[in-house]
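Respectively, the protein sequence lines represent chains A and L. Mapping of the first sequence onto my numbering: residues 2 to 117, in sequence order. Mapping of the second sequence onto my numbering: residues 4 to 118, in sequence order. Glycine residues also receive a C-beta, built at the ideal position from the N, C-alpha and C atoms. Structure first, then comments.
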Amino acid sequence: GDSVTQTEGQVTVSESKSLIINCTYSTTSIAYPNLFWYVRYPGEGLQLLLKVITAGQKGSSRGFEATYNKETTSFHLQKASVQESDSAVYYCALGGSSSSFSKLVFGQGTSLSVVP
Amino acid sequence: EAAVTQSPRNKVAVTGGKVTLSCNQTNNHNNMYWYRQDTGHGLRLIHYSYGAGSTEKGDIPDGYKASRPSQENFSLILELATPSQTSVYFCASGDAPGHLNSDYTFGSGTRLLVI
């Protein structure tokens, strides 16, 4: 099957410190996996943070970065210096075409709290 | 601008009642999805559709039905709502037009409370 694993359910980081949220994936049906990070800010809907469609490439947005590593099947999210406004729930997702259907599978989510 | 619109934004329902959540997309995507989002579970797929007239079961379909009467519209139906269905529901549309590049758009979510 297809699955995404985020090991941290909740993370608390002090403002201006660095962040890493781990994500690994597994797929048996998607020929060309695309990897995504979505974010949900309090009271808002789900937003695409960044997306990478090619193994070995790095995506970046709003100071966040993630590299698609096919060898380790990982797509960790990193930021060098977090701000309070980054407090949100972050979801790693695996997407792509499985035969004729386009599917999107999510990890469990990581709730980030940035404290002063 | 291409978008996914969900209605209602918030809904309070009584146990045993019928609830219909609606979703409309202007992306011209073939595929549409209903997810529910609960703390600790991420987003879980309830039903999805390949196109007008098709509905398929996702990972957690029990207690839900779906309807796709047109390319643009995809509804989620709770015939007999239960408190365990209290959640936030997200609709999405998606496609993999080149099979190398996937494109998904999400609605803003519907917050459902079943009392």
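- Any Cβ of chain L closer than 8 Å to the Cβ of Tyr42(A) would place that residue at the interface, and such an atom is absent.
- DSSP links Leu113(A) through a beta bridge to Val12(A), Ala89(A).
- At a cut-off of 8 Å between beta-carbon atoms, Ile21(A) makes no contact with chain L.
- Listed along the chain, the chain L residues whose CB falls inside 7 Å of the CB of Ser103(A) are Asn34, Gly97, Asp98, Ala99, Ser105.
- Shown here for Lys71(A): same chain residues with a beta carbon closer than 8 Å to its own, the five before and five after excluded, namely Ala56, Gly57 in chain order.
- Assigned with DSSP and collapsed to three states, Ser82(A) falls in coil, not helix or strand.
- Here His44(L) is exposed, its C-beta having fewer than 16 other C-beta atoms within 10 Å.
- Between Gln9(L) and Ser25(L) the beta-carbon gap is near 7 Å, inside 8 Å, which marks them as a contact.
- Taking C-alpha positions only, Thr18(L) is separated from Ile118(L) by approximately 6 Å.
- In the three-state reduction of the DSSP assignment, Ser87(L) falls in the helix class.
- No Cβ of chain L is located within less than 8 Å of the beta carbon of Ser4(A).
- The C-beta distance from Thr25(A) to Thr74(A) rounds to 5 Å, short enough to meet the 8 Å contact threshold.
- Note on geometry: alpha-carbon atoms of His77(A) and Gly20(L) lie some 43 Å from one another.
- Glu16(A) and Ser86(A) have their C-alpha atoms some 10 Å from each other.
- Contact with chain L is found for Gly110(A), since one of that chain's Cβ atoms lies less than 8 Å from the residue's Cβ.
- Look at Asn70(A): its C-beta is not under 8 Å from any C-beta on chain L.
- Between Thr89(L) and Leu115(L), the C-beta spacing is below 8 Å.
- Between Asp98(L) and Asn34(L), the gap from beta carbon to beta carbon is short of 8 Å.
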